[in-house]
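Since the structure comes first, as structure tokens, the remarks are kept for the end.
2 protein chains.
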Amino acid sequence: MTEDSVWNDTESIRREDSIMGSSNKDDKGNLGPDPLSPISHHKFPLAVPHNPKDIWKKGGRVFSVLLAINLVLLSCTLVSGGAFEEVHVYDYDVFFMLTIVMVITIAWMLFYLLNTSRHQNAILCKDSHAGPIWLRGGLAFFAILTLVMGVFKTGYYSSFSHCLSAIKITYPIVQALFVIIQTYFLWVSAKDCVHVHLDVTRCGLMLTLTTNLAVWMSAVTDESVHKAQMKLPNSTHRIAGMKAGSTKCPCSGKLCKIFQDGYYWLYPFNIEYSLFASAMVYIMWKNVGRLIDQHTNHIHHLKFKFFKGTYFLGVITGLLIVMLGLAVLIVYEIRVNMHLDSKAKNEALSIYYIFNIICLSLTSLASIGGSIVYRFDKRVMDHDKNPTRTLDVALLMGAALGQYAISYYSIVAIVANKTSRDQISALNLSYSLLMIAQHTFQNIFIIEGLHRQPPEEEDKTDPQQDIYGLTFVNVNAVSLCVPESALPSATPPALAIQSSSEVTQSIKVSKKMHWRRRFLKEISLFLLLCNVILWIMPAFGARPQFDNTQERRFYGDSMWAAIVDICLPFGIFYRMHAVASLLEVYIMS
Amino acid sequence: MTEDSVWNDTESIRREDSIMGSSNKDDKGNLGPDPLSPISHHKFPLAVPHNPKDIWKKGGRVFSVLLAINLVLLSCTLVSGGAFEEVHVYDYDVFFMLTIVMVITIAWMLFYLLNTSRHQNAILCKDSHAGPIWLRGGLAFFAILTLVMGVFKTGYYSSFSHCLSAIKITYPIVQALFVIIQTYFLWVSAKDCVHVHLDVTRCGLMLTLTTNLAVWMSAVTDESVHKAQMKLPNSTHRIAGMKAGSTKCPCSGKLCKIFQDGYYWLYPFNIEYSLFASAMVYIMWKNVGRLIDQHTNHIHHLKFKFFKGTYFLGVITGLLIVMLGLAVLIVYEIRVNMHLDSKAKNEALSIYYIFNIICLSLTSLASIGGSIVYRFDKRVMDHDKNPTRTLDVALLMGAALGQYAISYYSIVAIVANKTSRDQISALNLSYSLLMIAQHTFQNIFIIEGLHRQPPEEEDKTDPQQDIYGLTFVNVNAVSLCVPESALPSATPPALAIQSSSEVTQSIKVSKKMHWRRRFLKEISLFLLLCNVILWIMPAFGARPQFDNTQERRFYGDSMWAAIVDICLPFGIFYRMHAVASLLEVYIMS
Chain A
346 MTEDSVWNDT
356 ESIRREDSIM
366 GSSNKDDKGN
376 LGPDPLSPIS
386 HHKFPLAVPH
396 NPKDIWKKGG
406 RVFSVLLAIN
416 LVLLSCTLVS
426 GGAFEEVHVY
436 DYDVFFMLTI
446 VMVITIAWML
456 FYLLNTSRHQ
466 NAILCKDSHA
476 GPIWLRGGLA
486 FFAILTLVMG
496 VFKTGYYSSF
506 SHCLSAIKIT
516 YPIVQALFVI
526 IQTYFLWVSA
536 KDCVHVHLDV
546 TRCGLMLTLT
556 TNLAVWMSAV
566 TDESVHKAQM
576 KLPNSTHRIA
586 GMKAGSTKCP
596 CSGKLCKIFQ
606 DGYYWLYPFN
616 IEYSLFASAM
626 VYIMWKNVGR
636 LIDQHTNHIH
646 HLKFKFFKGT
656 YFLGVITGLL
666 IVMLGLAVLI
676 VYEIRVNMHL
686 DSKAKNEALS
696 IYYIFNIICL
706 SLTSLASIGG
716 SIVYRFDKRV
726 MDHDKNPTRT
736 LDVALLMGAA
746 LGQYAISYYS
756 IVAIVANKTS
766 RDQISALNLS
776 YSLLMIAQHT
786 FQNIFIIEGL
796 HRQPPEEEDK
806 TDPQQDIYGL
816 TFVNVNAVSL
826 CVPESALPSA
836 TPPALAIQSS
846 SEVTQSIKVS
856 KKMHWRRRFL
866 KEISLFLLLC
876 NVILWIMPAF
886 GARPQFDNTQ
896 ERRFYGDSMW
906 AAIVDICLPF
916 GIFYRMHAVA
926 SLLEVYIMS
Chain B
346 MTEDSVWNDT
356 ESIRREDSIM
366 GSSNKDDKGN
376 LGPDPLSPIS
386 HHKFPLAVPH
396 NPKDIWKKGG
406 RVFSVLLAIN
416 LVLLSCTLVS
426 GGAFEEVHVY
436 DYDVFFMLTI
446 VMVITIAWML
456 FYLLNTSRHQ
466 NAILCKDSHA
476 GPIWLRGGLA
486 FFAILTLVMG
496 VFKTGYYSSF
506 SHCLSAIKIT
516 YPIVQALFVI
526 IQTYFLWVSA
536 KDCVHVHLDV
546 TRCGLMLTLT
556 TNLAVWMSAV
566 TDESVHKAQM
576 KLPNSTHRIA
586 GMKAGSTKCP
596 CSGKLCKIFQ
606 DGYYWLYPFN
616 IEYSLFASAM
626 VYIMWKNVGR
636 LIDQHTNHIH
646 HLKFKFFKGT
656 YFLGVITGLL
666 IVMLGLAVLI
676 VYEIRVNMHL
686 DSKAKNEALS
696 IYYIFNIICL
706 SLTSLASIGG
716 SIVYRFDKRV
726 MDHDKNPTRT
736 LDVALLMGAA
746 LGQYAISYYS
756 IVAIVANKTS
766 RDQISALNLS
776 YSLLMIAQHT
786 FQNIFIIEGL
796 HRQPPEEEDK
806 TDPQQDIYGL
816 TFVNVNAVSL
826 CVPESALPSA
836 TPPALAIQSS
846 SEVTQSIKVS
856 KKMHWRRRFL
866 KEISLFLLLC
876 NVILWIMPAF
886 GARPQFDNTQ
896 ERRFYGDSMW
906 AAIVDICLPF
916 GIFYRMHAVA
926 SLLEVYIMS
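Just so you know, the sequences run in chain order A and B.
According to the working numbering, the first sequence holds residues 346 to 934 in order.
According to the working numbering, the second sequence holds residues 346 to 934 in order.
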């Protein structure tokens, strides 16, 4: 899904090149004369010297994307083939491919780390929007849990190592190595704008991206198959590895059972790890060969105190809902999975739906409220190039499609099925409709929030810094980013002096806006916590889509399982991604 | 797939706003001060007046995209539900929804036409890249054939009108009306950059886009179901309308049979019509509220003579291949569909595969040759904003995914299946591998070609025009596009005078480059014709994927049918789209 956004901003990148002044640098930095930029094309309308780098820039991008497409499709084929009982593709085929790809990726990452540390011009500037500390922190957290999962998985497979192919034990070990190296790699390099070996780096990053996506697909399929096996015993899915265990090598020991349970419970973290890593690698790929105007880049150095300027209303309500949600989830899991009494199951389903309806209604209202407040917000829109934000928005809209699709299928099933209309189907209908509304309103709120300039400038009271601060930062940053010689000496950036009346005005405005910012902060924290619980519920096994028989009967088991298995991973990812974006909105409010 | 490319170029649009000079126009034209553009932000780093339009611009886009997503998903649900026998969603549900949506769209298009003809400032400028004459001509051609299909369809349904719901006869009539009005609408407005009722126009265009996509989905599903029914009689698909005809109301009359056959043969044109219209509407949507620097926009006024500068080599070879392909298709259809003798069928399959392998090898070689020639081409890369090209590239890469996926599934099936290896599977394997290679090389060639500046400037021998021509065009175009008052009077665009030595040099270069351009022209014409035959074969019913039993046995009928039915429409669309793009490459060579 993300591939086609690749093509849209060559123009913006070139525009940034032109921001750097009319430097005719033609080294690895890929700067050339920009005949078509708004600044220069009036000066040289026709005769432009030929720059061969210019041609290869696009070529490298196209080539790396094609590489990625092919690898993703190959793994998609193997993984989806491996998921079906009757198809003679086995999980060890998938593991074998993944192991090879991971080894190559590890080699490339080591090469990259070595190479960038030796070349001193390798990284001319850093994209301060990319890889913020909470994203890297989240990545490290998920990495640790993935490693724990690796231990469980190795333990589980070792319990019957005598009757399994060696690849099944090799795979978790290679994966652990991959996770350690990749986390280190992303921790130190997430902000890099690389300027050496452009094409190799692009291909390497795309390889890393596809490896993560392939691991994600494999994990999601494994998990869906596991869930489907539990809920729909007559389906044609097969649990990877489990089948072999259950027939030839029974997983009978207590330790083996613990390992097995443990690794299934830790799957959601592994899934999130792959997606976080993919997003960060994609941003690195976008930043290859990029030169940045640091004016737009200073804005993230906010000294961010977590609960500054809130009345704890959002946090408290949010935490209450999280607690309640956890209780509901536990009740639901116990009632639905342990007892098979239909009445207890229906009660559990009702509780689950009612909780979700309340939670979705509250978050929808909060999002609408937030959007209305933005209408009156005087902050300037931030339209600068920012690949991180572009990706965030694309992922929010794209991942929401998963939940939208499930909801529409549910709605059609309930509306078309005129015979069986009970309380559960009424609840299910409201739940599906609210799900669509909530995704819509929340996306509008988050997208608006991400496009605002942080209000820091208006807050500053030190006039000295207010007048010169930004412009100085700008000049310094540019000279940090490009070697001195490349700076146009004839045209220094104009230093504009803000009049003191404007400063006074901005302080007044900032006091008026205080309640708005406080309200936005409360709302984003509340939404954040609600999204956490809405992530936990499906990620840790609540599947009302299968427990509620309506859609299964309407579409048939296999079709409904396919719809849910394909769409739900995106729905779950949406929640985690919304949490990250809401944290950003919170900090910028 | 196209939605996520939406978010990437607000920056580019704003850049264009800033190109127009520092106009502070704040009318419907949506121009405001651009504090963050490379030109102006050094002048006003901090104090920027608040512009409410600025906020709503993004809002309107987000809202219209959300509307489109919801409508597309709803129709996707209904259409996919309608395709399965056991799901209680019927084709008349789908037709009912489509009829309503089409009526609304017709009303909106009439409103738009009326509105833009009354408001004199509604269309400030036109995007000359959008809706070139061959695209509009193609649209009109497909529209006429769609209307013929409508006649056949109405005739077919009228044959047993006594036992069908009225909606089935209403639908083709409304569709015919929709096609006529939409074709007129796109013919006159495809190039518009609208500047009134921005939000309404965005939503209206998205509605038109989703209507076309819904019609496309419905047509593709109908056709796939028809094909699958013929090839896999035990599948759970249902032919829309046919079932009712075959049980209650037999289609026994000769006329009825003719109508039925006719309308199935005309389906491919209806499908292409919807896709062409979708692409053009999407470009209109991207152009809403856009102001264009006409410097970049003059380049399409090429006086284009079709076979100028070729030795007819490409055309003759291409036409030979088309003829041969048509013969192969006829033999294949007769042998596979009429006789069910396994040997004759295998022979037909062999012939089909061999022809395709030859054709794909030749086109791969031609694409590689073309890409190599581009390496030595001295023409400047064109990096300006051009939504049409961005969409073209995204669609080429996106649509290729369909054929890639089918090929990978085939390859896995053949490689994994070690038991039955015969001539057919060897041919199938080569065919699938070549399919991947050909798509890759052809995409690289087309994308490189689309990003070149046309060589016209270098060809001109009139020095007067060469020196001043472009710059004058530029100034005139800008003053055409924006009202006089908005032009910055203090900073007139600098007129650069090209030295006469440069003119002489460029003439020399152009003579050297002549053989290259000739070669590129031959190659693009040859590729174009090959893509025509590669479109005709699957579009008019060749389905080796089903006739060759290998993959069906490996994945099972239903899974393989799902893979082919979902992916093949994109593969077919790829061919038609490649034809359009190759025509563009040919003209620009």
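From the three backbone atoms N, C-alpha and C, an ideal C-beta is built for every residue, glycine too.
- Three or more Cβ pairs drawn from the segment 702 to 718 of chain B and the segment 778 to 792 of chain B lie within less than 8 Å of each other, which places the two stretches in contact.
- For Leu411 (chain B), the closest Cβ of chain A is nearer than 8 Å.
- For a Cβ distance threshold of 8 Å, nothing in chain A lies close to Tyr919 (chain B): the least Cβ distance comes to about 13 Å.
- If you check each beta-carbon in the segment 411 to 427 of chain B against every beta-carbon of chain A, the ones closer than 8 Å belong to Leu411, Ile414, Asn415, Leu418, Leu419, Cys421, Thr422, Leu423, Gly426.
- The DSSP-derived three-state label of Arg897 (chain B) is helix.
- Under the 8 Å criterion on CB atoms, Asn762 (chain B) is classed as interfacial with respect to chain A.
- Taking every protein chain shown into account, the CB of Gly482 (chain B) has fewer than 16 other CB atoms within 10 angstroms, so this residue is exposed.
- Using beta-carbon distances, Thr785 (chain B) counts as an interface residue toward chain A, with a partner under 8 Å.
- For His433 (chain A), the closest Cβ of chain B is nearer than 8 Å.
- Contact fails between the segment 713 to 732 of chain A and the segment 900 to 909 of chain A, because fewer than three Cβ pairs, one in each stretch, are under 8 Å apart.
- Chain A has a Cβ within less than 8 Å of the Cβ of Met904 (chain B).
- Counting only Cβ-Cβ distances below 7 Å, Ala750 (chain A) has contacts in chain B at Leu418, in chain order.
- A direct Cα-Cα distance of roughly 13 Å separates Cys875 (chain A) from Tyr919 (chain A).
- When DSSP states are grouped into helix, strand and coil, Arg863 (chain A) belongs to the helix group.
- DSSP links Met442 (chain A) through a beta bridge to no other residue.
- Chain A has a Cβ within less than 8 Å of the Cβ of Val757 (chain B).
- Between Ser712 (chain A) and Ile769 (chain A), the CB-CB gap reaches or exceeds 8 Å.
- Nearest neighbour of Ala750 (chain A) by Cα position, chosen from B:Gly426, B:Gln895, B:His922, B:Arg406, turns out to be B:Gly426.
- Chain B has no Cβ within less than 8 Å of the Cβ of Ile526 (chain A).
- A straight line joining the alpha-carbon of Ile518 (chain B) with that of Val448 (chain B) spans about 11 Å.
- The beta carbon of Ser510 (chain B) is closer than 8 Å to those of Tyr437 in its chain, skipping five residues each way along the sequence.
- Scanning its chain for C-beta atoms nearer than 7 Å, with the 5 sequence neighbours on each side dropped, one finds around Val565 (chain A) the residues Ile616, Pro914, in chain order.
- Ile917 (chain B) sits buried, since 16 or more C-beta atoms from the chains shown fall within 10 Å of its C-beta.
- Contact annotation: the segment 738 to 746 of chain B does not touch the segment 885 to 897 of chain B, with fewer than three C-beta pairs closer than 8 Å.
- Listed in chain order, the positions of the segment 884 to 903 of chain A with a beta carbon within less than 7 Å of a beta carbon of chain B are Phe899, Tyr900, Gly901.
- Scanning chain A for C-beta atoms nearer than 8 Å to the C-beta of Leu746 (chain B) yields Ile414, Leu418, reported in chain order.
- As computed with DSSP, Val539 (chain A) is found in a beta bridge with A:Ile468.
- In the DSSP assignment, Leu707 (chain A) falls within the unbroken alpha helix (DSSP H) covering 687 to 720.
- DSSP places Cys601 (chain A) inside the alpha helix (DSSP H), whose first and last residues are 599 to 610.
- Within the same chain, Asn460 come within 8 Å of His542 (chain A) by CB-CB distance, once the 5 residues on both sides are set aside.
- With respect to the 8 Å criterion, Leu674 (chain B) and Phe885 (chain B) are classified as neighbours on the basis of their beta carbons.
- DSSP places Phe614 (chain A) in the helix class (H, G or I) of the three-state scheme.
- If the five residues before and after Gly794 (chain A) are omitted, its C-beta is found closer than 6 Å to the C-beta atoms of Val930, all from its own chain and listed in chain order.
- Tyr627 (chain B) has a beta carbon lying at 8 Å or more from every beta carbon in chain A.
- Residue range 768 to 795 is occupied by the alpha helix (DSSP H) that includes Ile791 (chain B).
- Residue burial annotation: Ile603 (chain B) is exposed, with fewer than 16 other C-beta atoms found within 10 angstroms of its C-beta.
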